[in-house]
Amino acid sequence: MVKTLLGESPVWSERDQCLYYVDILGNAIIQYDPIKDAHQSWPVDENIGCIGLIKEGGFIAAMRTGVYRLNARGEKIEHLANIPSDPAHSRFNDGKVDPWGRFWCGTVFEGEAAGAMLCCVHSNGTLEVIDTGLHIVNGIAFSPDGTHMLYSDTQTATIYRYPLDPSNGYIIGERSIFAKGGQPDGGQFDAQGHYWSADFGAGRLTVRNTDGNIIETLNVPSRYPTMMAFGGKDLTTLFVTSSREYTDASDNHSGQLYQCKAPVKGVPAHYFSLGA
121 MVKTLLGESP VWSERDQCLY YVDILGNAII QYDPIKDAHQ SWPVDENIGC
171 IGLIKEGGFI AAMRTGVYRL NARGEKIEHL ANIPSDPAHS RFNDGKVDPW
221 GRFWCGTVFE GEAAGAMLCC VHSNGTLEVI DTGLHIVNGI AFSPDGTHML
271 YSDTQTATIY RYPLDPSNGY IIGERSIFAK GGQPDGGQFD AQGHYWSADF
321 GAGRLTVRNT DGNIIETLNV PSRYPTMMAF GGKDLTTLFV TSSREYTDAS
371 DNHSGQLYQC KAPVKGVPAH YFSLGA
């Protein structure tokens, strides 16, 4: 069993039939093989906020100082973009590849000011700043029909929604508030179009319908769930990462990776199309 300090960004690789996730503060990429019930980890040289799968192999990773292409062992092989803020006071946090092959990633500002940003890395490596004036960007996810994306600002307990053109993924309207409440951390859509969110500090996952209303909650052994991913051969296994950053020695649950049978099917992870 591997215990992370701040487990995040789980993504299921259909190609490898394994789950990959990161330890942001432990500076590592971790692979979990559910068939063998085996973990393997690779150290990285700085805080790693999130990863996405690359079609050609390896990962795209948003780290403290920028966005990089990594090989399958977590080694940097190409620098794609710098973080658009001072890495002494901020780092990349949550992120996900969209259905059109781009990598969206958000930052966290390690101070009181609203200095975090939502960004999009295009296939040619160009980084575009989408939103500013945020605190802790999390919950990035794309609806199965491609008509909208969601992300959260954990500190302000707000989940935002952007409408998208499903033909190309470009934003076609103003940002709106999808939901408020709790501490919304990592997020994911299921195949039914419902949005799952890790309620950090509350020990639960919430499931919201298309109107943003909670229709189901699932308790997690850790008080600090961070993100979920659907995986397994038929995408009906639910994996949940967690954090032990704010716990003491009496907490034996936080920092672990959890899995259970999901009540619904998930959607496959998308691949970053480098250079397309």
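At position 167 of the sequence shown the residue is numbered 287 (the working numbering), and the sequence of numbers has no breaks.
Glycine included, each C-beta is placed from N, C-alpha and C at the ideal position.
Item, Value
"Rounded Cβ spacing between residue 256 and residue 213 (contact assumed at less than 8 Å)", "7 Å"
"Residue environment, residue 193, which counts as buried when at least 16 other CB atoms sit within 10 Å", "exposed"
"Simplified DSSP state of residue 275, which is helix, strand or coil", "helix"
"Candidates 291, 336, 316, 223, of which the one nearest residue 387 by Cα", "316"
"Straight-line gap, residue 351 to residue 359 (C-alpha atoms, nearest Å)", "7 Å"
"Sufficient close CB pairs (3 or more, under 8 Å) joining the segment 325 to 333 to the segment 363 to 370", "no"
"Candidates 179, 364, 164, 153, of which the one nearest residue 411 by Cα", "As shown, the chain starts at 121 and ends at 396. That puts residue 411 outside it, with no answer to give."
"Per DSSP, the bridge partner or partners of residue 386", "310"
"Counterpart residues of residue 183 in DSSP-defined beta bridges", "168"
"CA-to-CA distance, residue 125 to residue 168, given in whole angstroms", "12 Å"
"Run of the beta strand (DSSP E) containing residue 356, from where it starts to where it stops", "Taken as a continuous stretch (DSSP letters only), residue 356 belongs to no beta strand (DSSP E), as it is neither H nor E."
"Within 8 Å, strictly: CB atoms of residue 293 and residue 286", "no"
"Unbroken beta strand (DSSP E) run spanning residue 143, endpoints", "138 to 143"
"Residue 133 in three-state terms, based on DSSP", "strand"
"Euclidean distance between Cα positions of residue 334 and residue 361", "21 Å"
"Reduced DSSP category for residue 121 - H, G, I as helix; E, B as strand; rest coil", "coil"
"Through-space distance from residue 296 to residue 143, alpha-carbon basis", "31 Å"
"Every unbroken beta strand (DSSP E) within the segment 232 to 303, with a cutoff of 3 residues, ordered by chain", "236 to 241, 247 to 254, 257 to 262, 268 to 273, 278 to 283, 296 to 300"
"DSSP state of residue 366 mapped onto helix, strand, coil", "coil"
"Alpha carbon of residue 162 to alpha carbon of residue 148, nearest angstrom", "6 Å"
"Proximity of residue 355 and residue 385 at Cβ, strictly below 8 Å", "yes"
"Buried versus exposed call for residue 258 [16 or more other C-beta atoms within 10 Å across all chains shown]", "buried"
"For residue 205, three-class secondary structure by DSSP", "coil"
"Range covered by the beta strand (DSSP E) that runs through residue 117", "The question about residue 117 has no answer, for the chain in this structure spans 121 to 396."
"Where residue 158 falls, given that 16 or more other Cβ within 10 Å makes a residue buried", "exposed"
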